[in-house]
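The block underneath contains the structure these notes are about, expressed in structure tokens.
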Amino acid sequence: SQKIEQNSEALNIQEGKTATLTCNYTNYSPAYLQWYRQDPGRGPVFLLLIRENEKEKRKERLKVTFDTTLKQSLFHITASQPADSATYLCALDPNQAGTALIFGKGTTLSVSS
Amino acid sequence: GAGVSQSPSNKVTEKGKDVELRCDPISGHTALYWYRQSLGQGLEFLIYFQGNSAPDKSGLPSDRFSAERTGGSVSTLTIQRTQQEDSAVYLCASSFKGTQYFGPGTRLTVL
Chain A
55 SQKIEQNSEA LNIQEGKTAT LTCNYTNYSP AYLQWYRQDP GRGPVFLLLI
105 RENEKEKRKE RLKVTFDTTL KQSLFHITAS QPADSATYLC ALDPNQAGTA
155 LIFGKGTTLS VSS
Chain B
3 GAGVSQSPSN KVTEKGKDVE LRCDPISGHT ALYWYRQSLG QGLEFLIYFQ
53 GNSAPDKSGL PSDRFSAERT GGSVSTLTIQ RTQQEDSAVY LCASSFKGTQ
103 YFGPGTRLTV L
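One line per chain: the protein sequences are A and B, in this order. Remember, this note's numbering sits 54 above the position in the first sequence when you count from 1. Remember, this note's numbering sits 2 above the position in the second sequence when you count from 1.
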């Protein structure tokens with residue numbers, strides 16, 4: 055069956071450390087994978103998109119990797135801050151046709167000062 | 003308007019009543035999506051509109067759910083004869099170049 059899984063429901067780290075979130079998928083061949091941030095009571099906000107032919111993408115303190123052999127994406131936040139506390143969702147395009155994204159359940163990150 | 007807007011932000015209804023949820027997408031975005039998010043769950047796809055094409059309704063959980071998009075812009079999601087299991091946050095998103103821009107959602111509570 056097709057699945058997209060974010061292996062941790064919650065991740066707690068100390069301010070200044072690097073947070074690493076994992077997204078694994080099975081039985082999909084996505085053209086790209088996206089990461090979103092969701093704060094309580096709000097809709098998800100787009101952060102980064104990485105295409106199947108890209109190994110790594112960076113944006114400020116964020117870094118995303120995409121390994122199509124392992125069927126895995128890693129999402130890193132370096133020098134984490136309490137303001138980074140939120141739920142982070144990965145999402146993929148299931149059939150390369152630009153239709154609705156399939157979302158993981160998310161990982162809730164808590165950064166303590 | 004800068005982003006996707008949804009109304010109402012909260013809706014409390016009684017079991018068996020019909021409800022309508024509205025979404026105003028970002029101007030110029032041809033794709034519009036509805037998702038449902040239950041407590042502690044991921045986003046569940048409901049329906050997708052792309053331009054003038056027939057909508058992809060494959061995610062609608064039952065025939066009590068329907069949606070329309072008028073004039074390629076505003077969309078309305080209708081839930082008939084609401085049930086308690088329909089309680090969730092209903093999110094709308096519009097899309098540009100594959101990136102989805104979400105509204106704040108409508109929190110539906112069915113008593």
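From the three backbone atoms N, C-alpha and C, an ideal C-beta is built for every residue, glycine too. Keep in mind that this is a model prediction, so the values were computed, not measured.
At a CB-CB cut-off below 9 Å, which residues of chain A make contact with residue i?
i        : result
Pro106/B : Gly95, Arg96 and Gly97
Gly100/B : Ala85, Tyr86, Gln88, Leu103, Asp147, Gly152 and Leu155
Leu93/B  : Gly97 and Pro98
Asp65/B  : Correct list: empty, because the minimum Cβ distance to chain A is about 20 Å.
Out of the options, state which residue places its alpha-carbon closest to the alpha-carbon of residue i.
i        : options                                  : result
Ala95/B  : Glu16/B, Pro106/B, Ser55/B and Glu22/B   : Pro106/B
Thr111/B : Phe98/B, Gly74/B, Leu41/B and Tyr50/B    : Leu41/B
Gln39/B  : Cys77/A, Gly160/A, Lys125/A and Ser166/A : Gly160/A
Ala69/B  : Lys99/B, Tyr50/B, Pro10/B and Pro27/B    : Tyr50/B
Gln102/B : Lys111/A, Glu69/A and Leu102/A           : Leu102/A
Gly116/A : Asn66/A, Thr122/A, Leu163/A and Ala73/A  : It should be noted that the sequence gives Leu, not Gly, for residue 116/A. The shortest Cα separation from Leu116/A among Asn66/A, Thr122/A, Leu163/A and Ala73/A belongs to Ala73/A.
Glu59/A  : Asn107/A, Val118/A and Leu128/A          : Leu128/A
Ser139/A : Ser62/A, Lys57/A and Asn66/A             : Asn66/A
Thr123/A : Ala133/A, Asn81/A and Gly158/A           : Asn81/A
Ser166/A : Ser55/A, Pro98/A, Gly70/A and Glu63/A    : Gly70/A
Ile169/A : Gln82/B, Leu113/B, Leu45/B and Lys13/B   : This structure does not reach residue 169/A, given that chain A is present from 55 up to 167, and the question cannot be answered.
Quick one: is residue i near chain A, going by C-beta distance under 8 Å?
i       : result
Phe47/B : yes
Gly44/B : yes
Asp58/B : yes
Kindly say whether residue i, judged by its beta-carbon, lies nearer than 8 Å to any beta-carbon of chain B.
i        : result
Lys159/A : yes
Phe100/A : yes
Excluding the five sequence neighbours on either side, which residues of its own chain have a C-beta within less than 7 Å of the C-beta of residue i, listed in chain order?
i        : result
Pro10/B  : Thr108
Arg105/A : Ala85 and Tyr86
Asp58/B  : Ile49 and Tyr50
Which chain A residues are close to residue i, counting only those with a beta carbon under 8 Å from its beta carbon?
i       : result
Asp26/B : Here the premise fails: no neighbours, minimum Cβ distance about 13 Å.
Within a Cβ cutoff of 6 Å, which residues of the same chain sit near residue i, ignoring the five residues on either side of it in sequence?
i       : result
Pro27/B : Val6, Leu34 and Ser96
Counting only runs that start and end within the stretch 69–123 of chain A, where is the beta strand (DSSP E) found for 3 or more residues in a row?
-> 73–80, 86–92, 99–105, 110–113 and 116–121
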